[in-house]
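Protein sequences appear in the order of chains A and B.
Be aware that the first sequence starts at 331, since it is given in this note's numbering, and climbs by one per residue.
Be aware that the second sequence starts at 583, since it is given in this note's numbering, and climbs by one per residue.
Beta carbons are placed, not taken as given, at the ideal position from N, Cα and C, and that holds for glycine.
Below you'll find the structure, written out as structure tokens, and then a few comments.
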Amino acid sequence: MTAALVTKSKRPALSAGGLMKTRELGIILALAILVIFTAVNHPRFLSGQSIRDILLNTAILAVMAAGQAVVVITRNIDLSVGSVLGLSAFTVATMMSTNPDLPMIAALLVGLAVGAVAGLINGVLVRYGRVPALVVTLGTLYMFRGITYSWAGGQQVNADELPRHFLRFANASVLGVPWLVLIAVVVVGGVSVLMRNYRVGRELYAMGSSPQAAELAGIRVARNLLGAFLLSGALAGLAGVLFAARFGTVDASAGNGYELTVVAAVVVGGVAVFGGSGTVWGAGLGALLLTVIGSALAVLDINQFWQQAIVGALILFAICADRLVAVRIARSLRKRDSHV
Amino acid sequence: MDALLEVRDVTKSFGAVAAVQGVSFALHAGEAHALVGENGAGKSTIVKMLAGVHRPDTGTLAVDGAEVDFAGPADAKAAGIAVIYQEPTLFPDLSVAENIAMGNQPLTRLRQIDRRAMNANAERLFTRLGVRIDPARPARGLSIADQQLVEIAKALSSEARVLVMDEPTAALSGVEVDRLFAVTRALRDEGAAIMFISHRFEEITALCQRVTIMRDGRHVCTEPVADLTVDDMIRRMVGRDLSALYPKQEATIGETVLEVEGLSREGVFRDVSFTVRAGEIVALAGLVGAGRSEVMQAVFGVDRYDSGSVRFLGRKLKPGSPRAAMAAGMGLVPEDRRQQGLVMELSIERNVTLPRSRALAKLGLLFGGVERREAASWTQQLQTRLGRLSDPVGTLSGGNQQKVVLAKWLATGPRLLIVDEPTRGIDVGTKAEVHRLLSTLAARGLAVVMVSSELPEVLGMADRIVVLREGHVAAQLTRAEATEESVMYAAMGQPS
């Protein structure tokens, strides 16, 4: 279904998004350079297994980045996603180890539900508590993590306690494409289309572009905002299930610190921190870029501490590029305007 | 003729302040209706009620004779009311066409947005309005005039029958105003009801058939524009009794303290010159947006200026440096005391001594006792009603907060005090106290520049009045020359 929708919407976007498109192009270019450079030095970087690993590692990050992108587009942020992943992963792992007969779909649904509830709590606190999202989700980050810790009580669920079909899900593939990757592609594609071509998506952009004008325009701001946080939470919950299936061993610290990687992927992917612009698939590309950098540095045998410095530099670069492009656009628009 | 929209005896209060009291009027199809009044007469509150932003406390709105109750802007929009605010409210990141279509985008069968139809739609609206704006470009970077045209296109696309325009011409040039009027007239003649708010009388007489005049939140009259002269309108806008007492003390006018000469800032104010002498209260009057606060902020160094000079006590003052201004003996009590004048969470004593913390400190350390003594002496002089000096400033009433701001600046021993809207949001009793205080200070030889939107305050307090209009000095009036009418005439650019 998604494929058909994407092709249909391809044409008319160019005009308004022409300059913003350069951003996604930039990421693709950076990816290409990085991959070619690494592959020339270490040809095994392009082996089937290596690519598979990269895609599997990207999948979990990309699913969370899709949700985060939606929240950031509304000029908010969700820092609780790492903890939601942990809570969902531990819930699902515990459930599957005690009820090994449950089908995979049940695990996915429970993960989504746990995340959705967590996201809804965030949304309600942000909207009705009138507290900035940064503060609310920083609070729930610790709260959700605390719940997981006190529930786990130092225990962990090991791979041998989990049913075989659950673990196989991470590696099984359809027509050569791993399930995890397929899910990530469907999520990123689906959310992209939702944000691009549906009213609610454009309303979310509008809310981030000018919160005050959104209220005056009669947009259902509360509903949309709850929806955005719910989506981000639910996708973090889904990521929790994928995490449990992929790594098999789940303790209470699963996903610790992931929120910053997710935010980094979104920002590097070209979603403006002040909302209103950027794309979900750009955030997906950001997730891919971060993962590829990690793998490439490992292959090139560069100290992994450098990885953090490089990611940091990339974020700064992305933000500077945003400012530069914004100034350039503003100038060109003013010029275009003056002759009328 | 039946009314398209009726405002029936509406009242709206914010806290203790009654913004609108028992106002009624009706808008008819094919008619442009002006709403005029001084700053703070309640026009904006009326607009916000029509827009569904505020709900009337009592009274109702009626569309086509049926009472309506707007729970939010969406309801007002659905009822066919479109509002164009002074500051346009577009989404800068979205395309012009998206801005116009927001909320009722054309959809394809899969309920996706049909961009092609949306752009074509915008194109059609612009053709109808006779303007050329690319529907696919983002709204960011459009001139104010074009943004307003987009807002009008938005109103047309939602098939609004009532168009409310809140000072749409304030930021437009002459040509742009003409274009806006041509579009507005065309809409009016097609059967829309227009509500037009403006401070410019030539625009009202050029566009509107009827006018409603408001004063202090109350309805004064609604009459055909043709039956009223500009004089009549101004008189009804300001005509209130000057019952409130303004205790003006006699002061000996001393040497010149402040000389502002040819001060200009591109697009904000130009060629502003005036002087202030010791013991004198000079008021800067004018409409909202005339550039009064901006001029004083430039004088004080908070904002920059492009050309001109500021001389203080005979010496040229370094531009763009509030620190230099303060060191030279200038104080500024800003308009928004919550945002700019006070640190709400800090204690009263801390706030009072803040600008002097360096002078009061010993070896770089600030001791509580020194602060307290200093603060106690000033708050007593100003008769500030407070619990303990260690209470946060935020716990005081508006009037007493204002006294703390004054105390803070008086403690620095200034030669010139700039006060911006000193009594905004303060109850009548405390207002008189603030006035008495300013008057006493002037009598002691302080030079005072007062920026105020309240005419009675200006007339009651000032020795001289500098009237600004659209960024330049429209008139300088002495206390003897100044009347409500003469100040209003100058502020509105009407020959008296």
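query                                                                                                                       : result
Integer-rounded CB distance, given that glycine 662 (chain B) should sit under 8 Å from valine 744 (chain B)                : 6 Å
Inter-stretch contact (C-beta, 8 Å, three-pair minimum) for the region 448-464 of chain A and the region 520-531 of chain A : no
Pick from B:Met631, B:Gly712 and B:Ile795 that is closest to alanine 664 (chain B), judged by C-alpha positions             : B:Met631
Bridge partners - arginine 847 (chain B), DSSP secondary structure assignment                                               : B:Phe851
Within 8 Å, strictly: CB atoms of glutamate 749 (chain B) and isoleucine 779 (chain B)                                      : yes
Contact set between methionine 684 (chain B) and chain A, taken where Cβ atoms lie within less than 8 Å                     : Arg532, Glu533, Ala536, Ala547 and Ile549
For valine 864 (chain B) and phenylalanine 652 (chain B), the rounded distance between their alpha carbons                  : 45 Å
Positions along the region 598-611 of chain A whose CB lies within less than 7 Å of some CB in chain B                      : Gly606 and Ser607
Helix, strand or coil at methionine 684 (chain B) according to DSSP, with G and I counted as helix                          : coil
Per DSSP, cross-strand counterpart(s) of glycine 913 (chain B)                                                              : B:Leu999
Chain-ordered chain A contacts of glycine 654 (chain B) [CB-CB under 7 Å]                                                   : Gly548
Beta strand (DSSP E) segment containing isoleucine 318 (chain A), residue limits                                            : The structure shown does not extend to residue 318 (chain A), since chain A spans only 331 to 670, so no value can be given for it.
Beta-carbon gap between isoleucine 1000 (chain B) and phenylalanine 882 (chain B) smaller than 8 Å                          : yes
Local conformation of histidine 495 (chain A) per DSSP, three classes                                                       : helix
Meets three-Cβ-pair contact criterion under 8 Å: the region 982-993 of chain B and the region 850-861 of chain B            : no
Where arginine 529 (chain A) meets chain B, residues with beta-carbon distance less than 7 Å                                : Gln687 and Ile695
Own chain, CB closer than 8 Å to glycine 995 (chain B), minus 5 neighbours either side, in chain order                      : Gly911
Inter-residue Cα distance where the pair is valine 393 (chain A) and leucine 497 (chain A)                                  : 19 Å
Under the three-state DSSP convention, the category glutamine 486 (chain A) falls into                                      : coil
Simplified DSSP assignment, three categories, for valine 504 (chain A)                                                      : strand
Residue closest to asparagine 371 (chain A), alpha-carbon to alpha-carbon, out of A:Leu627, A:Arg658, A:Gly642 and A:Thr470 : A:Leu627
Continuous beta strand (DSSP E) stretch holding aspartate 814 (chain B): start and end                                      : Here aspartate 814 (chain B) belongs to no beta strand (DSSP E); instead the alpha helix (DSSP H) covers 812-820.
Test: proline 916 (chain B) CB closer than 8 Å to a CB of chain A                                                           : no
Proximal residues of chain A, C-beta to C-beta of lysine 659 (chain B) below 9 Å                                            : Ala547 and Gly548
For serine 626 (chain B), the first and last residue of its enclosing alpha helix (DSSP H)                                  : 625-632
Span separating the alpha-carbon of valine 670 (chain A) from that of isoleucine 734 (chain B)                              : At valine 670 (chain A) the pLDDT is 37, less than 50, meaning the model places this residue with poor confidence and gives no usable figure here.
Bounding residues of the alpha helix (DSSP H) (the contiguous stretch that carries leucine 409 (chain A))                   : Looking at the DSSP string, leucine 409 (chain A) is not in any alpha helix (DSSP H), and its letter there is neither H nor E.
Min CB distance serine 825 (chain B) to chain A below 8 Å                                                                   : At serine 825 (chain B), the pLDDT of 43 sits below 50, so the modelled position is not reliable; the number obtained from the coordinates is stated separately. Cβ-Cβ to chain A under 8 Å: no for serine 825 (chain B).
Whole-angstrom C-beta distance between valine 440 (chain A) and valine 411 (chain A), which should lie under 8 Å            : About 17 Å; that fails the 8 Å criterion.
Where phenylalanine 596 (chain B) meets chain A, residues with beta-carbon distance less than 7 Å                           : Correct list: empty, because the minimum Cβ distance to chain A is about 18 Å.
Ranges of the beta strand (DSSP E) found wholly within the region 712-789 of chain B, counting only runs of at least 3      : 744-748 and 775-779
Cβ neighbours of aspartate 823 (chain B) in the same chain (closer than 6 Å, five flanking residues each side left out)     : A caution first: aspartate 823 (chain B) carries a pLDDT of 46, below 50, which makes its placement in the model unreliable, though a value can still be read off. Cβ neighbours of aspartate 823 (chain B) beyond the five flanking positions: none.
Residue nearest to threonine 388 (chain A) in terms of C-alpha spacing, selected from A:Leu510, A:Ala448 and A:Ala419       : A:Leu510
Burial state of cysteine 790 (chain B) (16 or more Cβ within 10 Å)                                                          : buried
Cα-Cα separation, glutamate 620 (chain B) to leucine 546 (chain A)                                                          : 25 Å
CA-to-CA distance, methionine 878 (chain B) to arginine 1051 (chain B), given in whole angstroms                            : 15 Å
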